[in-house]
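Trainee: With positions in the sequence shown counted from 1, the corresponding number in the working numbering is that position plus 4.
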Amino acid sequence: MRCLITAGPTREHLDPVRFLSNGSSGKTGYALAAAAAGRGWHVDLVSGPVALQVPVGVTVHRVISAAEMFAACQLHFASCDLFIAVAAVADYRPREVAKEKKKKAGGPVSLELVPTVDILKTLAATRRGGQIIVGFAAETNEVETNARRKLHEKRLDWIVANDVSRVEIGMNADDNAVVLLGRDGARVAFGPASKADVAEFILRHVAPA
Ligand code: CTP
Numbered sequence: 005m006r007c008l009i010t011a012g013p014t015r016e017h018l019d020p021v022r023f024l025s026n027g028s029s030g031k032t033g034y035a036l037a038a039a040a041a042g043r044g045w046h047v048d049l050v051s052g053p054v055a056l057q058v059p060v061g062v063t064v065h066r067v068i069s070a071a072e073m074f075a076a077c078q079l080h081f082a083s084c085d086l087f088i089a090v091a092a093v094a095d096y097r098p099r100e101v102a103k104e105k106k107k108k109a110g111g112p113v114s115l116e117l118v119p120t121v122d123i124l125k126t127l128a129a130t131r132r133g134g135q136i137i138v139g140f141a142a143e144t145n146e147v148e149t150n151a152r153r154k155l156h157e158k159r160l161d162w163i164v165a166n167d168v169s170r171v172e173i174g175m176n177a178d179d180n181a182v183v184l185l186g187r188d189g190a191r192v193a194f195g196p197a198s199k200a201d202v203a204e205f206i207l208r209h210v211a212p213a
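Here it is as structure tokens:
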């Protein structure tokens, strides 16, 4: 079994020292990588910048931007049996990246942003038979409705609906509560539980032994 996982945030630089990003810690993606490696699977983990130890038995590919994350995933997607996209990929990047540090201007400034590639949607559109594709949906409202829309729009087998409006669990925390939605209409809720237990729950359902 070959497994490809994305994790953590991406950074979209506007100059050498400043970037757009988000507060993803990478904990859920790394917990999934650890759980998959624990089953003896080959695991390629494409990781944005996070402060976490790489789990034993996992091959990590470190990236910064969405474009780099996409390029790294392209190298491993065709040969994987299971793709789990956990990364909180920045949806936009600055159109211009300054070579030198930008100086402050007197008044307000505006930043022109252009969309990044949707890694999960683009790769899922090239899927071959037999591949299992799992996405995450980070939502603050109408969590399951929005997640189910992404499940179909991105042509996934499963999506993990993650309510990120809660402070004590979810993004950046050690625990999470999720709802796993399947293309066939399945709905299974799990947690609150540790991210390690959430990872085991997800693998048990999406790739039963
Ligand atoms: N994703 C991705 N590439 C992107 C954006 C998202 O691979 N450029 C993946 C995420 O890893 C996740 C899923 O798509 O598995 C959904 O991500 P999410 O941020 O919840 O939704 P978006 O598709 O970005 O939509 P929106 O921001 O409008 O909610």
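By construction, the Cβ of each residue, glycine as well, lies at the ideal position given by its N, Cα and C atoms. Keep in mind it's a predicted model, so treat the numbers as computed, not measured.
Relative to the alpha-carbon of Ile-136, which residue among Gly-110, Ile-123, Ala-89 and Ala-37 has its alpha-carbon at the smallest distance?
Mentor: Closest by alpha carbon: Ala-89.
Trainee: Here's the rule: buried if 16 or more other CB atoms are within 10 angstroms of the residue's CB, otherwise exposed. What is Leu-185?
Mentor: Classification of Leu-185: buried, given that the 10 Å Cβ count is 16 or more.
Trainee: Considering only the alpha carbon of each residue, which of Val-60, Val-58, Leu-49 and Ala-94 lies closest to Cys-84?
Mentor: Closest by alpha carbon: Leu-49.
Trainee: With H, G and I counted as helix, E and B as strand and the rest as coil, what does DSSP make of Cys-7?
Mentor: Strand at Cys-7.
Trainee: Flag this pair as yes or no: are the beta carbons of Ala-94 and Leu-24 separated by less than 8 angstroms?
Mentor: Yes, the Cβ-Cβ distance between Ala-94 and Leu-24 is below 8 angstroms.
Trainee: Taking the C-alpha atoms as reference points, what is the distance between Ala-203 and Ala-197?
Mentor: Approximately 10 angstroms between the Cα atoms of the pair.
Trainee: Measuring only from the beta carbon, is Val-54 closer than 7 angstroms to any heavy atom that is part of the ligand CTP?
Mentor: Incorrect: Val-54 has no Cβ contact closer than 7 angstroms to the ligand CTP.
Trainee: Pull up the distance between the alpha-carbon of Ile-206 and that of Ala-128, whole angstroms please.
Mentor: Rounded to whole angstroms, Ile-206 to Ala-128 spans 19 angstroms at the Cα level.
Trainee: Taking 7 angstroms as the cut-off, does the CB of Val-10 come closer than this to any heavy atom belonging to the ligand CTP?
Mentor: Checking the sequence shown, residue 10 turns out to be Thr, not Val. Yes, Cβ of Thr-10 sits closer than 7 angstroms to a heavy atom of the ligand CTP.
Trainee: Tell me the residue span of the alpha helix (DSSP H) that contains Val-210.
Mentor: Looking at the DSSP string, the run of the alpha helix (DSSP H) that includes Val-210 is 199–210.
Trainee: Looking at the ligand CTP, does it come within less than 7 angstroms of Val-90, judged from the CB to the closest heavy atom?
Mentor: Yes, the beta carbon of Val-90 sits closer than 7 angstroms to at least one heavy atom of the ligand CTP.
Trainee: Curious, which full-length alpha helix (DSSP H) runs of at least 4 residues does the stretch 92–150 contain?
Mentor: The stretch 92–150 contains these whole alpha helix (DSSP H) runs: 123–128.
Trainee: Quick one: does the C-beta of Thr-120 sit closer than 7 angstroms to a heavy atom of the ligand CTP?
Mentor: Yes, the beta carbon of Thr-120 sits closer than 7 angstroms to at least one heavy atom of the ligand CTP.
Trainee: Grab me the residues of Ile-68's own chain with a C-beta within less than 6 angstroms of its C-beta, minus the 5 sequence neighbours each way, in chain order.
Mentor: Result list for Ile-68: Arg-15, in chain order.
Trainee: Which one or two residues does DSSP pair with Ser-51 in a beta bridge?
Mentor: Looking at the DSSP assignment, Ser-51 forms a beta bridge with Ala-11 and Arg-66.
Trainee: For Gly-33, which residues in the same chain have their Cβ closer than 6 angstroms to its Cβ, ignoring the five residues on either side in sequence?
Mentor: Ile-9, Ala-11 and Val-90, listed in sequence order.
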